[in-house]
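So the sequences go chain by chain: V and Z.
Residues 1 to 149 (the working numbering) make up the first sequence, in order.
Residues 1 to 149 (the working numbering) make up the second sequence, in order.
There are 2 protein chains.
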Amino acid sequence: MLDALRACGLKVTPQRLAILNQLVGDPTHPTATELFGRLREELPSMSFATVYNTLAALTKQGLCAARQLESGPVRFDPNVAPHDHAVCDSCGLVIDVMTEGLAAASAATNLKPVQGFSVRSVERIYRGRCVQCAAPNEPQTDAEKETGD
Amino acid sequence: MLDALRACGLKVTPQRLAILNQLVGDPTHPTATELFGRLREELPSMSFATVYNTLAALTKQGLCAARQLESGPVRFDPNVAPHDHAVCDSCGLVIDVMTEGLAAASAATNLKPVQGFSVRSVERIYRGRCVQCAAPNEPQTDAEKETGD
DNA sequence: TTGCAACTAAGAATCATTCTAAGTAAGGTC
DNA sequence: GACCTTACTTAGAATGATTCTTAGTTGCAA
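Rendered as structure tokens:
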């Protein structure tokens, strides 16, 4: 964590360590606002701008990835390896899809989808319903998620 | 055009016809702001809210599609048939990719990328460089595009 | 220990989008 | 063709996400 920052030429600060700690191992692809909310608990003086600045720095250095999978705020992903995503139409849940992701991406990179367009990477977004929302009796809306379950 | 609106139960207004006319046949996937700018020329009294309301209505009725391919404003696409997109890293250009789109999408729909997730649709986004930007001597930045070439 | 460049805090500014309220007009009915 | 209802439009305020600015702070190399 500490070394990862230093290796990128970024200074190690409590704010950055806190943000990285929150992000790493969090599979929910949180937004900047969500992260800020959680981080305020351990670092009450933290500024919103710091969260954005830090996430921008981490993204630039390849320590995390910014993903715009639906309209609304950008989500941040600690998993920078090539992979796809499944997005729930109903509750907005984002799930990493590792299966075949690499193979598919590398195969597609060799495609020429449009004359002259040189492909650097391919990402696939699966849209549909997550397990919770697909279950007839327990649809989980955004509103329900906010009130806690 | 006129019939398409009526068929959806939408009233035909000069604003809606102008918006649809701008959108149909425009392959550049314009944003609401871009459309508003062009539409002001023919309908100077048009309100921004009308553009958003109308685009929302058209999207809901399946006459166009809202696409979030990168961070920034939503782009609107008159092509509602299933297809993929190529996005230029450099200038932001969005290109429709029809090749194999249908076949790939339907094949992927049968996949089970995540346990329990029921896939409704798949979209692929190719990232890389467009012809203009890939050419070593004539990179086209957003700034250059705005000043006109 | 010191110096400085990079970082952070606070809040204003900006941009995209949605909401609200009041007036307008499309289109069905008589 | 006139009238009426309801959907639509306008204008501008409100909201939410993100970026910018400025001044003060701190990590870390020397």
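Glycine included, C-beta positions come from ideal geometry on N, C-alpha and C.
Could you tell me whether the segment 26-43 of chain Z touches the segment 119-139 of chain V, using the rule of 3 or more Cβ pairs below 8 Å? no
Would you decide whether H85(Z) is buried or exposed? Buried here means 16 or more other CB atoms lie within 10 Å of its CB. Mapped onto the second sequence, residue 85(Z) falls at position 85. The residue is buried, with at least 16 neighbouring Cβ atoms inside 10 Å.
Count the other CB atoms, across all protein chains shown, that sit within 10 Å of the CB of L58(Z); report buried if there are 16 or more and exposed otherwise. For the purposes of this step, residue 58(Z) is taken as residue 58 along the second sequence, with counting starting at 1. With 16 or more Cβ atoms within 10 Å of its Cβ, L58(Z) is classed as buried.
Would you tell me roughly how many angstroms separate the C-alpha atoms of T13(V) and L43(V), rounded to the nearest one? Taking the first residue of the first sequence as 1, we reach residue 13(V) at position 13. Taking the first residue of the first sequence as 1, we reach residue 43(V) at position 43. In a straight line, the C-alpha of T13(V) is about 12 Å away from that of L43(V).
Cutoff 8 Å: F117(V) Cβ touching any chain Z Cβ: Here residue 117(V) refers to the residue found at position 117 when the first sequence is read from its first residue. Judged by the 8 Å Cβ criterion, F117(V) is in contact with chain Z.
Please name the residue in L35(Z), L39(Z), R40(Z) and G25(Z) whose C-alpha comes closest to that of V74(Z). Taking the first residue of the second sequence as 1, we reach residue 74(Z) at position 74. Measuring from the Cα of V74(Z), the nearest candidate turns out to be L35(Z).
Given A65(V), which residues of its chain have a CB within under 6 Å of its CB, disregarding the five upstream and five downstream residues? Residue mapping note: residue 65(V) aligns to position 65 of the first sequence, counting from 1. Answer for A65(V): D77 and V80, listed in chain order.
Here's the rule I'm using: 16 or more other beta-carbon atoms within 10 Å means buried, otherwise exposed. How should M1(Z) be labelled? The residue given as residue 1(Z) occupies position 1 in the second sequence. By the neighbour-count rule (16 or more Cβ atoms within 10 Å), M1(Z) is not buried but exposed.
Would you say S90(V) lies against chain Z (beta-carbon separation less than 8 Å)? Here residue 90(V) corresponds to residue number 90 of the first sequence, with the count starting at 1. So no, S90(V) is outside the interface.
Quick one: is V24(Z) buried, meaning 16 or more other Cβ sit within 10 Å of its Cβ, or exposed? Within the second sequence, residue 24(Z) is the residue found at index 24, counting from 1. So V24(Z) ends up on the exposed side.
Decide if R120(Z) is buried, meaning its Cβ has at least 16 other Cβ atoms within 10 Å, or exposed. The sequence position of residue 120(Z) within the second sequence is 120, counting from 1. It counts as exposed.
For the beta strand (DSSP E) that V97(Z) lies in, which residues bound it at each end? As a position in the second sequence, residue 97(Z) is number 97, starting the count at 1. Run containing V97(Z): V94 to V97, per the beta strand (DSSP E) assignment.
Report yes or no: is there a C-beta of chain V within less than 8 Å of the C-beta of Q68(Z)? As a first step, residue 68(Z) is located in the second sequence; it is residue number 68 there, counting from the start. Yes, contact with chain V.
Per DSSP, what kind of secondary structure is A135(V) in: helix, strand or coil? Along the first sequence, one-based indexing puts residue 135(V) at 135. Of the three classes helix, strand and coil, the one that applies to A135(V) here is coil, per DSSP.
How far does the beta strand (DSSP E) with E123(Z) in it reach, from first residue to last? Counted from its first residue, the second sequence places residue 123(Z) at position 123. Its beta strand (DSSP E) spans residues S118 to R129.
What does the Cβ neighbour count give for R40(Z), buried or exposed, with the cut at 16 atoms within 10 Å? Here residue 40(Z) refers to the residue found at position 40 of the second sequence. Per the 10 Å Cβ criterion, exposed.
Against I95(V), what residues of chain Z qualify as contacts under a CB-to-CB distance less than 7 Å, listed in chain order? On the first sequence, residue 95(V) is found 95 positions in, with the first residue counted as 1. In chain order: V114 and F117.
Between F117(Z) and T33(V), what straight-line distance do the alpha-carbon atoms span, to the nearest angstrom? On the second sequence, position 117 is the one that residue 117(Z) refers to. On the first sequence, position 33 is the one that residue 33(V) refers to. For F117(Z) and T33(V), the distance between alpha carbons rounds to 27 Å.
Note down, in chain order, every chain V residue with its Cβ under 8 Å from the Cβ of E151(Z). An answer regarding residue 151(Z) cannot be provided, because it is not within the stretch 1 to 149 covered by chain Z.
Please return the same chain residues whose Cβ sits closer than 7 Å to the Cβ of R38(V), not counting the five positions on each side in sequence. In the first sequence, residue 38(V) corresponds to position 38, counting from 1. For R38(V), where only same-chain residues beyond five positions count, the Cβ hits under 7 Å are Q22.
List the endpoints of the continuous alpha helix (DSSP H) containing A4(V). By 1-based counting over the first sequence, the position of residue 4(V) is 4. Run containing A4(V): L2 to A7, per the alpha helix (DSSP H) assignment.
Members of the segment 27-41 of chain V that neighbour chain Z once the beta carbon cut-off is set at 9 Å: none
If you measure from the beta carbon of R16(Z) to each beta carbon in chain V, is any gap under 8 Å? Sequence index remark: in the second sequence, residue 16(Z) carries index 16 (1-based). By this cut-off, R16(Z) is not an interface position.
Which runs of the alpha helix (DSSP H), 4 residues or longer, sit entirely within the segment 7-52 of chain V? 14-23 and 32-42
What residues in the segment 46-60 of chain Z have a beta carbon less than 8 Å from any beta carbon of chain V? none
Counting C-beta neighbours from all protein chains within 10 Å, is the total for A56(V) 16 or more, i.e. buried, or is it exposed? In the first sequence, counting from the first residue as 1, residue 56(V) sits at position 56. With fewer than 16 other Cβ atoms within 10 Å, it is exposed.
Looking at the unbroken beta strand (DSSP E) that takes in D177(Z), where does it start and where does it end? No information on residue 177(Z) is available, as it lies outside the stretch 1 to 149 that chain Z covers here.
Applying the criterion that 16 or more other CB atoms from any shown protein chain within 10 Å of the CB defines a buried residue, is C8(Z) buried or exposed? Position 8 of the second sequence, counted from the first residue, corresponds to residue 8(Z). Exposed: under 16 other Cβ atoms inside 10 Å.
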